[in-house]
Structure formats: C-alpha cells, structure tokens
Ligand code: 9MR
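Numbering (the working numbering), first residue to last: 8 to 362.
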C-alpha cells in the first residue's frame, strides 16, 4: 500500500463523521417508512400504477431510477443531454419527501448506438469526462449518491487484476475508472461516489474470485488517491446458493477499515430454482436476504438498502429468469398484489435495528 492510502482513510473517516447528506438517506421518515430503504422504479410504471406509487411512498425513504439516468435516455445523440425523465422521478421524490440516488455514469452495457463511433482514446476520454461533468453538475446538490462505475470486474475473473472489457476499458485501459471518479468528484464534491458490482455475496469459486477482483480494484483506487466514498453491493442474490457470510463479512470489514461506506444497491432474489411452494420459497428468499443484511449490519449500520423494484409485479427477474415450472417469480419484498412478504419483514427488522 502506498502512503496516500492513509490520507484517503483519514479523509474518509472525517467525512463519514460529518456526513449528513452524503449517501445518507436517513432523513424524513413517516409512518411505515423504513429508514434508508428504497427501491428502483421507472417513471412510466410510477405514472401508470397508483399501487406502485402508494407502495414506494409508504415503505421507502429513497428511490433510484431503473433507466432514466442511463446513457440511452440521457444521451439520445452525441450532442444532446436529456434530463426530462430523470427530472420527473426527482420531482416525484421531492414531492413525497424521498431522496434519490443516481444510477449510473459508466457501464459496459446499455450504451446508445452512436457510441460505436468512438474509436480512439482521446475521443473516449473527452466523451466520458463531458458526460460525467454535465450530468453530475446538473444534479449537483440534488442526489445523495451516484453509481459512478457499474460492473467494472469481469463476470468470472481469472485474476484479481482483470477488468471487464467495455468501450471505455478497451480504449482507455484501467484509467477510465479513476478518470470517472475524479470527474464526478469535481462536478459534485459532496455527493457519495460509489463503485457498484454484483455477485460478491454468495458461496462458490466465482463469487470468491469476484470478491478478490473487487478488493484489488478498490485497493488500487485508494492507492492512486481516487475519490471513492463507498462500495455498492448490488445483491442480486441466487435463491439456490447460500450466502458466504464469512467471505462477505471479511470483504465488508476490509472496505470499512479503508474508510469506505458499504451500501446495498439492487437487492432481489432469483427464485427460479427454488421449490414451487410459496411459503417455502418466500422463507428461503427471506433467509438469503437476512443472511446478507445481517452480515453487513453486524459490524456497522447499513445506511442505504435498495431493492431492484418493490413488487414482484415489476421485476427484471420475471423477464430474464422465468421459472421452469412457469409459476410467477417472487424476487421482491411485496408480492404482485403489493402485499408484504417475509422479505419485507427482514427489511423492517434491519432498518429498525439501524435507527
Ligand atoms: O432492470 C434493468 C432492466 O430493465 C434494463 O433493461 C437493463 C439495461 O438497462 O438494466 C437492468 O438493471 C440492471 C442495472 O442497471 C445494473 N445491475 C443489473 C440490473 C439488472 O440487470
């Protein structure tokens, strides 16, 4: 470790002690609201289903847009920035006393077709910096937290130093990650800056390799003085795979010992390989969620937990991973009729313990 690690840690701890705004959506809580709990939503779903709006305003203290801050929406072409849809979600949040996170600034996936024309390093660097500077400045002081770089490690890393191929990685190498965090910090020095990734939580060789790669990347970012504040564990859990509570605890403890916050950003449980019985299935789903959340909260409070949707009626899992028996998936805290499931009881317990 180089010397600047200590400076980063000292800075991180001081910031954590005084941070009320940065990444801390613990503010107003009314009635049933679970402090620090939020859900990913789309503007279209919120506008078309009042039950979704009611559920979010009843249970959540924060939201995150599923699509509305991704490149295809914000950047219809190389010269245009379009914030109307994300602004719609921010208006909804503000009108209802919720905070909003930003997702995401840099990702290997879901880039608009025009980015295929980016073929050299100077253009890639200029485009990346310009995007981050413009988007983060536009929302300066309005969002609590940004997923700055999303899914930067390979699905199954062969070595901890391996990074996921992408437009940015291919043209700029590993430096694109540092560049992205620096550009975001320059544009909003107070917003929480997050490195967000998936499949860190479970038992198995691939998950252990991913933890090692994430550790390597975070360590490298701190060694180079990169302004990162938190690691986001997406927590798209697999119903049939146990949580590696020891491995996860070690990983989270290490990030915290380096002065970083750890947050849960996209929690849900893929139940396609679980038994058909709803009671049995919901119990296993809740156990996975409890194992992850109680592992993380056993060491320090978890100030931000977001599920990727709130109701089973609106989940990417049902489209991407339908059950072989064709029964509806049950990946989220509320069922398709917006009734709370054991998953929500875990959220309630964990958020009350943290309060
Ligand atoms: O759930 C999202 C799906 O509706 C979109 O089509 C897809 C591409 O934008 O993104 C999904 O959300 C992903 C998130 O942005 C990053 N982590 C994995 C999520 C599920 O694929």
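Backbone N, C-alpha and C define an ideal beta-carbon position, used for all residues, glycine too. Predicted, not measured: the structure shown is a model, and the values here were computed from it.
| query | result |
| --- | --- |
| For residue 187, which residues of its own chain have a beta-carbon under 7 angstroms away from its beta-carbon, when the five flanking residues on both sides are left out? | 112, 113, 135, 139, 155 and 156 |
| Using the DSSP secondary-structure output, state which residues sit across from residue 71 in a beta bridge. | 47 |
| Could you have a look at residue 98 and say whether DSSP puts it in helix, strand or coil? | helix |
| Taking buried to mean at least 16 other C-beta atoms within 10 Å of its own C-beta, is residue 57 buried or exposed? | exposed |
| Look up residue 279 in the DSSP assignment and say whether it is helix, strand or coil. | coil |
| Using the C-alpha atoms, what's the distance from residue 333 back to residue 300? | 29 angstroms |
| In this structure, what does DSSP give as the bridge partners for residue 237? | 201 and 268 |
| Leaving out the 5 sequence neighbours to the left and right, which residues in its chain are closer than 8 angstroms to residue 1 when beta-carbon positions are compared? | Lying before the first or after the last residue shown, residue 1 is absent from the chain, which here runs from 8 to 362. |
| For residue 283, which residues of its own chain have a beta-carbon under 7 angstroms away from its beta-carbon, when the five flanking residues on both sides are left out? | 332 and 334 |
| Quick one: Cα of residue 146 to Cα of residue 158, how far? | 22 angstroms |
| Given that a residue counts as buried once 16 or more other Cβ atoms are within 10 Å of its Cβ, and exposed if not, what is residue 305? | exposed |
| Just to confirm, does residue 92 get its C-beta within under 7 angstroms of one of the non-hydrogen atoms of ligand 1? | no |
| Would you tell me roughly how many angstroms separate the C-alpha atoms of residue 277 and residue 201, rounded to the nearest one? | 24 angstroms |
| State buried or exposed for residue 27, treating a residue as buried only when at least 16 other CB atoms are found within 10 Å of its CB. | Caution is warranted here: a pLDDT of 31 is assigned to residue 27, below 50, making its placement in the model unreliable, and no coordinate value can be reported. |
| Does the Cβ-Cβ distance between residue 128 and residue 178 come in under 8 angstroms? | yes |
| Whole angstroms are fine: how far does the CA of residue 258 sit from the CA of residue 14? | Interpretation of residue 14 is limited by its pLDDT of 36, a score under 50 that renders its predicted location unreliable; the figure taken from the coordinates is listed afterwards. One C-alpha to the other measures close to 21 angstroms. |
| Would you mind reading off the limits of the alpha helix (DSSP H) that contains residue 137? | 128-145 |
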